[in-house]
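Numbering (the working numbering), first residue to last: 524 to 751.
Below: one structure, written as structure tokens.
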Ligand SMILES: *Cc1c(COP(=O)(O)O)cnc(C)c1O
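Encoded structure:
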């Protein structure tokens with residue numbers, strides 16, 4: 524299957540999941556996750572209508588950015604504070620803020636260039652020790668602290684990487700937890716916090732994520748095929 528066909532198929536599956544729960548498919552953005560994917564293939568995806576590209580390593584993102592224009596860049600991986608300065612002037616959305624320390628560094632760099640940065644808070648909904656993200660019980664406190672201390676950041680929602688389980692139904696509670704957290708935070712009406720987005724769902728579980736309210740799905744393998 525070609526990349527164009529894969530994208531059509533992903534879109535169709537998002538459409539079907541939306542239909543099932545009465546959502547508007549226009550509410551769901553596909554971020555094509557392009558780690559390890561060569562430039563020509565990324566361009567194919569862009570020619571098929573992809574406008575949002577996600578990377579999880581700063582170095583790789585910077586290299587690719589030289590060859591690819593007119594897309595929105597998303598940072599979806601663990602971000603080290605010493606790398607923030609390389610992406611802060613162009614990044615569209617940072618999905619993976621999970622500490623006040625990181626938020627303060629982004630805010631500091633943002634202030635320097637007078638640019639507002641949109642971020643999501645990454646929540647570890649699976650409880651797996653190997654995964655990044657703030658614990659669900661500590662999420663609201665973190666959001667409050669960022670809201671109070673980081674004037675150049677805008678919290679736009681939450682992100683999670685669910686556990687990798689053979690049956691995607693098993694991850695439904697993790698997506699639901701993220702949605703409930705988002706609603707809870709919304710109700711607090713905090714400064715610089717606008718809970719628009721749930722970034723959840725990857726190739727193996729995006730349909731369940733869409734059913735549970737995902738507004739951003741991060742898809743690699745289902746578009747580009749298996750990574751080496
Ligand atoms: C690699 C990656 C994805 C995409 O994973 P696939 O299973 O290939 O769709 C999504 N989100 C993050 C954070 C990733 O690192």
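The beta-carbon is built from N, C-alpha and C at its ideal position, and this holds for glycine as well.
Residue i - containing alpha helix (DSSP H), residue span
i           : result
residue 626 : 623 to 636
residue 750 : Here residue 750 belongs to no alpha helix (DSSP H), and DSSP marks it neither H nor E.
residue 544 : 526 to 544
Candidates the options: closest to residue i by CA position
i           : options               : result
residue 735 : 744, 745 and 724      : 724
residue 750 : 568, 673, 559 and 575 : 559
residue 663 : 649, 650 and 681      : 681
residue 579 : 743, 748 and 747      : 743
residue 542 : 745, 730 and 591      : 730
residue 591 : 570, 696, 600 and 602 : 570
residue 600 : 528, 646, 698 and 674 : 646
residue 714 : 629, 745, 701 and 677 : 677
residue 624 : 538, 669, 696 and 707 : 669
residue 661 : 644, 609 and 687      : 644
residue 556 : 550, 565 and 548      : 565
residue 758 : 667, 648, 595 and 674 : Within the shown structure, residues of the chain are numbered from 524 to 751, placing residue 758 beyond reach of any answer.
residue 614 : 667, 533 and 581      : 581
residue 665 : 654, 703, 708 and 698 : 708
Terminal residues of the beta strand (DSSP E) in which residue i lies
i           : result
residue 578 : 575 to 578
residue 619 : 616 to 620
residue 555 : 552 to 556
residue 644 : 640 to 645
residue 676 : 676 to 682
residue 611 : Run containing residue 611: none; DSSP gives neither H nor E here.
C-beta neighbour in chain C for residue i, strict 8 Å
i           : result
residue 683 : Within the model displayed, chain C is absent; a lone protein chain is all it includes.
Status (buried if at least 16 other CB within 10 Å, exposed otherwise) for residue i
i           : result
residue 728 : buried
residue 656 : buried
residue 598 : buried
residue 587 : buried
residue 621 : buried
residue 484 : Residue 484 falls outside the range modelled here, since the chain spans only 524 to 751, and no answer is possible.
residue 690 : exposed
Start-end ranges of the alpha helix (DSSP H) lying completely within the segment 690 to 731, minimum 4 residues: 695 to 709
Is the segment 627 to 636 touching the segment 681 to 690 in the sense that three or more CB pairs, one from each, lie closer than 8 Å? no
Taking only runs that begin and end inside the segment 559 to 598, name each unbroken alpha helix (DSSP H) of 4 or more residues, in chain order. 562 to 570 and 581 to 588
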